[in-house]
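Chemist: Below is one structure. I have some questions about it.
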């Protein structure tokens, strides 16, 4: 109830409680000022009578006794066991002093800087029990955070977890001792002078880690150069200079396998130096060596051609023409493996030249220029009987005749890649895998073979690209041995086809990697079926599979993509989906 001056009973009660607290505080403060330790005598107040002194001491002793009975006192004393200031009376007096600290709104001097400040509920206590101003409180807080950060042990962050997933790593628990040691070496690469007698396998792994972290520099390159080794693998040579490539061929005269990626500073004089060293290179892989001229490429093949067994060249836009390919095919008569990827100047004459390589067993082409379908068919017809792997990317004008030719001529294929095509039909894929004399495949990539008419997303009645029936035919033919399968963007595969392929009772025991990105028909149910039918699965890529939301992922499986896919979960030893 309010009076005429808007003063309520509640407000009167609050004012009374405040005055009581202030009075108690004044009494406690006066008692605290007269505290002494056991080694000191009480300072006598001349104006205090003997009876008043006894009364004050009795109150103080009673207050200390109550504090010693509290749980907070027991906790503090247990933390100080064995410390010089672990005395019970001293701890009790500190607690009594804390209780007498000023209330919010009152003025107090900072314990550290003696500055006058207004006490708030958030004012911190200093090391000696006094209060701190805002500035000193912030400095103390920063020091505490730093000390906590130092005490905290190593942990794997979300970014590292996502990086591992993209690499297909979803192992649980601690890393192996070898993996921990190699990563520790990479962490301290600036302090390492040499690797010693590490085996080639570990050197290869360290090269991968160094390349991924972008720390392979002219200085760290020296760690990988050992005269007795016959192979070199540098997956990121972007920071190396021309003289560094000279050093590789100078220090390692026994090289037989050369693998240099992002090698933009390899120039003609490096090729000339390599030829002058008379190296016995049999396997050559160079990426982005755009400063090498056609004349140097031709000299290389003329000098090393008879001994080369494998040539892999990629991302060449300045040189490497049809004429250079012709010189290569004339000189490299024993070539068994050829990979030409994103070499811009290659055309029909290159395909005709490649068809003359009678010993070729592995062919991988990713051409930029559009080539003739007839020339392509002629090349495949000539090489097909010996081919063990065939990879053709960007073959936009190839039709079902290519599939028929592979069905007829290829009998020893283990790997087949046909991508980025909108002409091949589902019926052609069915004919390829039906009664095919070739043994079951181990690696298949038919990504982005689909109709691209955006006005008709479901495609024509006679399906274009790798679609439902072709998928069923593939798995019936090669499902028993398949290890890697990429059917991303083959958007005409139906839900029913997936359900038939991954139905209860079927098993694909060796399938380890599956890419079904942009297949929107895949949902939690189908993903669960995949996990059940593929006991060896390690990596599933499912970008833009918007219906994969709450699937339970088995331990050890890296699921990349999906909206809300849960962490690895195993329920009673089986997966749930």
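In this note's numbering, the protein residues as written are 37 to 613.
Built from N, CA and C at the ideal position, the CB exists for glycine as well.
#1: Determine whether the beta carbon atoms of residue 150 and residue 160 lie at a separation below 9 Å.
#2: Residues in the same chain with beta-carbon distance under 7 Å from residue 383, minus the five sequence neighbours each way, listed in chain order, please.
#3: In whole angstroms, what is the alpha-carbon distance linking residue 557 and residue 455?
#4: Can you tell which of 429, 430 and 462 has its C-alpha closest to the C-alpha of residue 440?
#5: From what residue to what residue does the beta strand (DSSP E) around residue 597 run?
#6: Is the beta carbon of residue 547 less than 9 Å from the beta carbon of residue 495?
#7: Quick check for students: name the residue ranges of the alpha helix (DSSP H) that lie wholly in the region 272–349, counting only runs of 4 or more.
#8: Identify, in the order they occur along the chain, each residue of the same chain with its Cβ nearer than 8 Å to the Cβ of residue 104, setting aside the five sequence neighbours on each side.
#9: Determine the closest residue to residue 372 out of 379, 380 and 391, with distance taken between C-alpha atoms.
#10: Report the rounded CA-to-CA distance for residue 594 versus residue 486, giving the unit in angstroms.
#11: Are there 16 or more other CB atoms within 10 angstroms of the CB of residue 524, so buried, or fewer, so exposed?
#12: Report buried or exposed for residue 143, applying the criterion of at least 16 other Cβ atoms within 10 angstroms of its Cβ.
#13: Among 481, 360 and 534, whose alpha-carbon lies nearest the alpha-carbon of residue 330?
#14: Starting from residue 457, follow its DSSP beta bridges and name the residues at the other end.
#15: Given this structure, state the Cα-to-Cα distance separating residue 517 from residue 570, to the nearest angstrom.
#16: Label residue 20 either buried or exposed according to how many other C-beta atoms from any shown protein chain fall within 10 Å of its C-beta, with 16 as the threshold for buried.
#17: Answer yes or no: do residue 400 and residue 376 have a C-beta to C-beta separation smaller than 9 Å?
#18: Just checking residue 275 against the ligand MG - is the residue's beta carbon closer than 8 Å to any of the ligand's heavy atoms?
#19: State the Cα-Cα distance for the pair residue 99 and residue 88, rounded to the nearest angstrom.
#20: Answer with buried or exposed for residue 381, where buried requires no fewer than 16 other C-beta atoms within 10 angstroms of its C-beta.
#21: Do the region 260–274 and the region 286–300 meet, that is, are 3 or more Cβ pairs less than 8 Å apart?
#22: For residue 414, which residues from the same chain have a beta carbon less than 7 Å from its beta carbon, with the 5 sequence-adjacent residues on both sides left out?
#23: Is the separation between the beta-carbon of residue 238 and that of residue 205 shorter than 9 Å?
#24: From residue 145 to residue 177, what does the alpha carbon distance come to, in whole angstroms?
#25: Between residue 355 and residue 328, which are expected to be in contact by the criterion C-beta below 8 Å, what is the C-beta distance as a whole number of angstroms?
#26: Give me, in chain order, the residues of the same chain whose beta-carbon lies closer than 6 Å to that of residue 386; leave out the 5 immediate sequence neighbours on both sides.
#27: Thinking just about the alpha-carbon of each residue, which of 460, 510 and 108 is nearest to the one in residue 499?
#28: Find out if the Cβ-Cβ distance for the pair residue 280, residue 254 is shorter than 9 Å.
#29: Quick one: what's residue 575 bridged to in DSSP?
#30: The beta strand (DSSP E) with residue 512 in it runs from where to where?
#31: Using the three-state DSSP reduction, which class does residue 155 fall into: helix, strand or coil?
#32: Quick test of your reading: residue 342 and residue 369, contact by CB under 8 Å. State the CB separation rounded to the nearest angstrom.
#33: In the DSSP assignment, what are the bridge partners of residue 530?
#34: Please look up how many angstroms separate the CB atoms of residue 424 and residue 449, rounded, as I've assumed it's under 8 Å.
#35: Tell me which residues share the same chain as residue 427 and place their Cβ nearer than 6 Å to its Cβ, disregarding the 5 neighbours each side in the sequence.
#36: Identify whether residue 197 lies in helix, strand or coil by the three-state DSSP scheme.
Modeler: Reading off the structure:
#1: Numbered from its first residue, the chain shown carries residue 150 at position 114. Numbered from its first residue, the chain shown carries residue 160 at position 124. At least 9 Å separates the beta-carbon of residue 150 from that of residue 160.
#2: On the chain shown, position 347 is the one that residue 383 refers to. Excluding sequence positions up to five before and after residue 383, its CB lies within less than 7 Å of the CB of 358, 405 and 407, all in the same chain and listed in chain order.
#3: For the purposes of this step, residue 557 is taken as the residue at position 521 of the chain shown. For the purposes of this step, residue 455 is taken as the residue at position 419 of the chain shown. Straight-line Cα distance between these residues: approximately 21 Å.
#4: In the chain shown, residue 440 corresponds to position 404, counting from 1. Looking at the Cα atoms, 462 is the closest of the given residues.
#5: Along the chain shown, read from residue 1 onward, the residue named residue 597 stands at position 561. 594–597 is the span of the beta strand (DSSP E), which, as asked, contains residue 597.
#6: Along the chain shown, read from residue 1 onward, the residue named residue 547 stands at position 511. Along the chain shown, read from residue 1 onward, the residue named residue 495 stands at position 459. No, Cβ-Cβ distance for residue 547 and residue 495 is not below 9 Å.
#7: 278–287, 304–312 and 330–340
#8: Within the chain shown, the letter at position 68 stands for residue 104. The residues are 124 and 128.
#9: Against the chain shown, residue 372 aligns to sequence position 336. It is 391 whose Cα lies nearest to the Cα of residue 372.
#10: Position 558 of the chain shown, counted from the first residue, corresponds to residue 594. Position 450 of the chain shown, counted from the first residue, corresponds to residue 486. Rounded to whole angstroms, residue 594 to residue 486 spans 27 Å at the Cα level.
#11: As a working mapping, residue 524 is identified with position 488 in the chain shown. So residue 524 counts as buried.
#12: By one-based count along the chain shown, residue 143 stands at place 107. When all chains shown are included, residue 143 counts as exposed.
#13: Position 294 of the chain shown, counted from the first residue, corresponds to residue 330. When only C-alpha atoms are compared, the closest one is 360.
#14: For the purposes of this step, residue 457 is identified with residue 421 of the chain shown, where counting begins at 1. According to DSSP, residue 457 bridges with 485.
#15: For the purposes of this step, residue 517 is taken as residue 481 along the chain shown, with counting starting at 1. For the purposes of this step, residue 570 is taken as residue 534 along the chain shown, with counting starting at 1. Using only the alpha carbons, I get a separation of about 11 Å.
#16: Here the chain has residues from 37 to 613 only, and residue 20 is not among them.
#17: By one-based count along the chain shown, residue 400 stands at place 364. By one-based count along the chain shown, residue 376 stands at place 340. Contact: yes.
#18: By its list of ligands, the structure shown contains no ligand whatsoever, and the ligand MG lies outside what it can speak to.
#19: To locate residue 99, count along the chain shown from 1; it is residue 63. To locate residue 88, count along the chain shown from 1; it is residue 52. Cα to Cα, residue 99 sits roughly 17 Å from residue 88.
#20: Numbered from 1 along the chain shown, position 345 holds the residue referred to as residue 381. By the neighbour-count criterion, in which 16 or more other beta carbons inside 10 Å mark a residue as buried, residue 381 falls on the buried side.
#21: yes
#22: Translated into positions along the chain shown, residue 414 becomes position 378. Result list for residue 414: 391, in chain order.
#23: By 1-based counting over the chain shown, the position of residue 238 is 202. By 1-based counting over the chain shown, the position of residue 205 is 169. No.
#24: In the chain shown, the residue the question calls residue 145 occupies position 109. In the chain shown, the residue the question calls residue 177 occupies position 141. Residue 145 and residue 177: Cα-Cα distance of roughly 19 Å.
#25: Counting from 1 along the chain shown, the entry for residue 355 is found at position 319. Counting from 1 along the chain shown, the entry for residue 328 is found at position 292. The distance from the Cβ of residue 355 to that of residue 328 is about 6 Å, consistent with a contact at the 8 Å cut-off.
#26: Sequence index remark: in the chain shown, residue 386 carries index 350 (1-based). 358 and 361.
#27: Along the chain shown, read from residue 1 onward, the residue named residue 499 stands at position 463. For the residues 460, 510 and 108, the minimum Cα distance to residue 499 belongs to 460.
#28: The count along the chain shown starts at 1 and reaches residue 280 at position 244. The count along the chain shown starts at 1 and reaches residue 254 at position 218. For residue 280 and residue 254, yes; Cβs fall inside 9 Å.
#29: Reading the chain shown from its first residue, position 539 is the one you call residue 575. Its beta-bridge partners are 549 and 594.
#30: To locate residue 512, count along the chain shown from 1; it is residue 476. Careful: residue 512 lies outside any beta strand (DSSP E), inside the alpha helix (DSSP H) at 504–514.
#31: Residue 155 sits at position 119 when you count from the first residue of the chain shown. In the three-state reduction of the DSSP assignment, residue 155 falls in the coil class.
#32: As a working mapping, residue 342 is identified with position 306 in the chain shown. As a working mapping, residue 369 is identified with position 333 in the chain shown. Indeed they touch by this definition, with Cβ atoms about 7 Å apart.
#33: Counting from one through the chain shown, the residue named residue 530 turns up at place 494. BP columns for residue 530 are empty, so no partner.
#34: Working through the chain shown from its first residue, we reach residue 424 at position 388. Working through the chain shown from its first residue, we reach residue 449 at position 413. Confirmed, Cβ separation roughly 6 Å.
#35: Within the chain shown, the letter at position 391 stands for residue 427. Closer than 6 Å at Cβ, skipping near neighbours: 400 and 453.
#36: On the chain shown, position 161 is the one that residue 197 refers to. If DSSP states are grouped into helix, strand and coil, residue 197 belongs with the helices.
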